[in-house]
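Residue numbers (the UniProt record's numbering): 1 to 285.
Each residue gets a CB set at the ideal place from its N, CA and C atoms; glycine is no exception.
Below is one structure; the comments refer to it alone.
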Amino acid sequence: MNNHSQIKVAGAIVLYNSEISVIDNIKSYINQVDTLFVVDNSETINESLIMSLETFFNIKYIFNGQNLGIANALNIAANAAINHGFDYLLTMDDDTLVPDNMVARMVTFLSERESDKIGILAAQSTPHLAGESHRYVYVTITSGNLLNLKAYKQCGPFLEKLFIDWVDHEYCMRLARNGYSVIELNYLLLNHRLGIRKHVSILGKTIHWTSHNPTRVYYRFRNTSYVMWKYAFYIPSKYYLIFMYELLKDVSKNMWLEDKRLYRSKMMLKGVLDCCKGKMGRYDG
């Protein structure tokens with residue numbers, strides 16, 4: 001439970017065909033929030049997972065019965081939290097462990113500052129950035145975020161037509177346009193896994209990268225193109241160059257390092273073309 005009674009914190013986790021091991025991750029923060037909204041985008045109910053969830057007294061389980069996307073699930077949780085009178089929503093991926101007392105330390109940080117214009121207070125997901133300080137950032141990932149629900153009500157819901165990928169980045173940009181800041185606390189380090197880590201040795205040098213399946217490659221290229229177009233006149237030039245660099249790195253790894261290179265190339269191109277056509281939402285092949 002949060003230690004500052006004046007700030008009420010709920011949590012949200014989105015499931016999609018999640019394995020029973022997700023329970024271990026939930027245990028790391030279930031007692032740090034008042035209520036945890038579990039939004040399940042799976043097509044079928046995992047009975048053993050449900051039985052494990054029922055052992056926690058403060059979980060509210062919401063079964064969608066279909067994959068409606070990460071943005072839709074986050075909106076369901078955010079609106080449920082607002083309807084229950086919460087001030088902040090801790091958003092979590094199903095593959096993330098959090099440090100002890102993370103939420104309490106976040107609330108302490110907020111209570112010591114003028115926090116009305118902090119849209120998101122995030123834990124640190126990148127190990128080499130861990131330290132004693134905090135930093136203002138332009139974008140951050142979904143997992144380990146404390147979302148200001150007043151800011152959410154002002155800025156509107158997560159963009160559901162993105163479905164997955166760049167939902168978090170787009171929302172951070174929208175917060176910035178509305179005068180809210182995004183802060184990462186470097187002293188709160190998440191144990192978070194992004195995709196599948198692969199490596200290859202070329203001329204004695206080992207190259208590491210995060211691998212995504214071809215469908216995720218489609219979403220990444222479509223949604224990156226869409227968000228960069230939508231915010232073209234608002235993204236600071238520094239970040240625009242960073243996003244372009246990351247996109248070019250994705251092109252290189254999918255064309256030269258991954259398997260199914262031709263198929264991946266087609267999915268990259270299709271993602272960009274669908275963005276240009278305005279074809280958004282769930283990709284069904």
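Query	Result
Can you tell me where the alpha helix (DSSP H) holding residue 120 begins and where it ends?	Counting along the chain, residue 120 falls outside any alpha helix (DSSP H), though it belongs to the beta strand (DSSP E) covering 118-124.
Within 10 angstroms of its Cβ, does residue 290 collect 16 or more other Cβ (buried), or is it exposed?	A query on residue 290 cannot be resolved here, the shown segment of the chain reaching from 1 to 285 and no further.
Distance check for residue 276 and residue 87, CA to CA, integer angstroms please.	38 Å
Select from 282, 272, 210 and 284 the residue whose C-alpha is nearest the C-alpha of residue 249.	210
What would DSSP say about residue 47, mapped onto helix, strand or coil?	helix
Along the chain, where does the beta strand (DSSP E) containing residue 134 start, and where does it finish?	134-137
Measuring only the C-alpha atoms, how far is residue 262 from residue 252?	12 Å
Measure the CB-CB distance between residue 73 and residue 14 and report whether it falls below 9 Å.	yes
Give me the DSSP bridge partner(s) of residue 197.	210
In the segment 223-274, which residue ranges form an unbroken alpha helix (DSSP H) of at least 4 residues, counting only runs that do not cross its ends?	237-256
Find the nearest neighbour of residue 136 within the set 155, 266 and 172, judged by alpha-carbon distance.	172
Considering only residues of the same chain and omitting the five flanking positions on each side of residue 16, which have a CB-CB separation below 7 Å?	41, 42 and 67
Looking at the secondary structure, which residues open and close the alpha helix (DSSP H) in which residue 83 lies?	70-83
Using DSSP's beta-bridge definition, name the partner residues of residue 37.	12 and 60
Which residue's Cα is closest to the Cα of residue 30: 51, 56, 224 and 151?	56
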